[in-house]
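Participant: Before I ask anything, let me first share the structure, which is written out below as structure tokens.
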């Protein structure tokens, strides 16, 4: 199998798992969002530690400890991904799957916005148009919801910020997830101990299947990230950008078709504006990628020697 085809398989696997993740989270009730988040953190540490031990790749920790700025970045990344995970779990288990899907639809636009405000990047005209349409979509959805779609915006900004920090750190997927989860593990264990002391923990008190699902939250977190890393190493950025829309499309389908969440006309109009912004954004990205490849493959005309 060619690396390109393997990359597409890894990418599809990652986004399919993320797309159907709401179905998994619904099975974890009656555990509350914070309890689910704590178990997700703790079991992620256990799962990735076993994986790294099997691969005999633990030397990276010594190198990290000698880079204090990298450790500070890891703490920031851990805080952002904890906000993202916790918000997503809360959204799914409060029957707002449609709004969580909106967050991941607008995430690429937020990434561009952070590029302008944080990295001082210059946008092409089509990117400005996409951002303007996206802002209009948020305004329409604010009128529909009667409030800002804060859950979607929190998901989009926290994940975009997480991606920005991760890009600066440059850590591989497994090692990065292990260190980030390890930073969060102590408060997560403390919270689970507090729940147990108050006799409010659901772990081991609902059913054997429920307990097993809480334990498997670590694998359910790590496996899509590892598949995504495999795809990112093999696919062009434009191809990976196209595949990323699979997850929010499936999440939206889960919310509307499986969980029967409402989709009134005004909300549908807001989503339509988001999709229009993404069409403009993606078309511009593909066109720019094509231009870059064309320049790279076009031979330069040699300068004649006098």
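In full-length UniProt numbering, the protein residues as written are 1 to 306. Backbone N, C-alpha and C define an ideal beta-carbon position, used for all residues, glycine too.
1) I need the DSSP call for residue 233, collapsed to helix, strand or coil.
2) Does DSSP put residue 24 in a helix, in a strand, or in coil?
3) Are residue 255 and residue 138 close, meaning C-beta to C-beta below 7 Å?
4) So, is residue 128 buried or exposed, given that buried needs 16 or more other C-beta atoms within 10 angstroms?
5) Would you report the Cα separation of residue 163 and residue 126, rounded to the nearest angstrom?
6) Under 7 Å Cβ to Cβ from residue 291, same chain only, skipping five residues before and after it: list those, please.
7) Would you tell me roughly how many angstroms separate the C-alpha atoms of residue 166 and residue 7, rounded to the nearest one?
8) Roughly how many angstroms separate the alpha carbons of residue 89 and residue 33, rounded to a whole number?
9) Considering only residues of the same chain and omitting the five flanking positions on each side of residue 13, which have a CB-CB separation below 6 Å?
10) Threshold first: 4 residues or longer. Then list the alpha helix (DSSP H) segments lying entirely within the UniProt domain "EamA" (151–281), N to C.
11) Can you find the residues in the same chain that come closer than 7 Å, C-beta to C-beta, to residue 109, ignoring five residues on each side of it along the sequence?
12) Decide yes or no for the touch test of the segment 42–57 against the segment 173–184: beta carbon pairs closer than 8 Å, at least 3 of them.
13) Would you tell me roughly how many angstroms separate the C-alpha atoms of residue 4 and residue 273, rounded to the nearest one?
14) Spatial neighbours of residue 181 within its chain, please: CB distance less than 6 Å, with the 5 preceding and 5 following residues excluded, ordered by chain position.
15) Can you tell me where the alpha helix (DSSP H) with residue 125 in it begins and where it stops?
16) Would you check if the segment 136–153 and the segment 178–195 touch, i.e. whether three or more CB-CB distances between them fall below 8 Å?
17) Would you mind reading off the limits of the alpha helix (DSSP H) that contains residue 31?
18) Under a three-way DSSP split, which group does residue 118 fall into?
19) Taking the alpha-carbon of residue 38 as reference, which of 102, 216, 288 has the nearest alpha-carbon?
Facilitator: Once the coordinates are examined:
1) Along the chain shown, one-based indexing puts residue 233 at 233. Correct three-state label for residue 233: coil.
2) For the purposes of this step, residue 24 is identified with residue 24 of the chain shown, where counting begins at 1. Helix.
3) Numbered from 1 along the chain shown, position 255 holds the residue referred to as residue 255. Numbered from 1 along the chain shown, position 138 holds the residue referred to as residue 138. Not closer than 7 Å, so no.
4) Position 128 of the chain shown holds residue 128. That one is exposed.
5) Against the chain shown, residue 163 aligns to sequence position 163. Against the chain shown, residue 126 aligns to sequence position 126. Distance between the alpha carbons of residue 163 and residue 126 is about 23 Å.
6) As a working mapping, residue 291 is identified with position 291 in the chain shown. The answer is none, since no qualifying residue turns up.
7) Locating residue 166 in the chain shown gives position 166, where the first residue counts as 1. Locating residue 7 in the chain shown gives position 7, where the first residue counts as 1. Looking at the two C-alpha atoms, the distance is approximately 21 Å.
8) The sequence position of residue 89 within the chain shown is 89, counting from 1. The sequence position of residue 33 within the chain shown is 33, counting from 1. Between residue 89 and residue 33, the C-alpha separation is close to 6 Å.
9) One-based indexing of the chain shown puts residue 13 at position 13. Contacts found: 227.
10) 173–197, 208–215, 217–232, 237–243, 246–253
11) In the chain shown, the residue the question calls residue 109 occupies position 109. Correct list, in chain order: 130, 131, 134, 277, 281.
12) yes
13) Residue mapping note: residue 4 aligns to position 4 of the chain shown, counting from 1. Residue mapping note: residue 273 aligns to position 273 of the chain shown, counting from 1. Looking at the two C-alpha atoms, the distance is approximately 33 Å.
14) Position 181 of the chain shown, counted from the start, is the residue given in the question as residue 181. Excluding sequence neighbours, residue 181 sits near 41, 44, 45.
15) In the chain shown, residue 125 corresponds to position 125, counting from 1. Where residue 125 is concerned, the enclosing alpha helix (DSSP H) stretches over 125–145.
16) no
17) For this step, residue 31 is matched to residue 31 along the chain shown. Premise fails: residue 31 is in no alpha helix (DSSP H) and is neither H nor E.
18) Along the chain shown, one-based indexing puts residue 118 at 118. Three-state DSSP puts residue 118 in coil, outside helix and strand.
19) Start at 1 with the first residue of the chain shown, and residue 38 comes out as number 38. Nearest of 102, 216, 288 to residue 38, Cα basis: 216.
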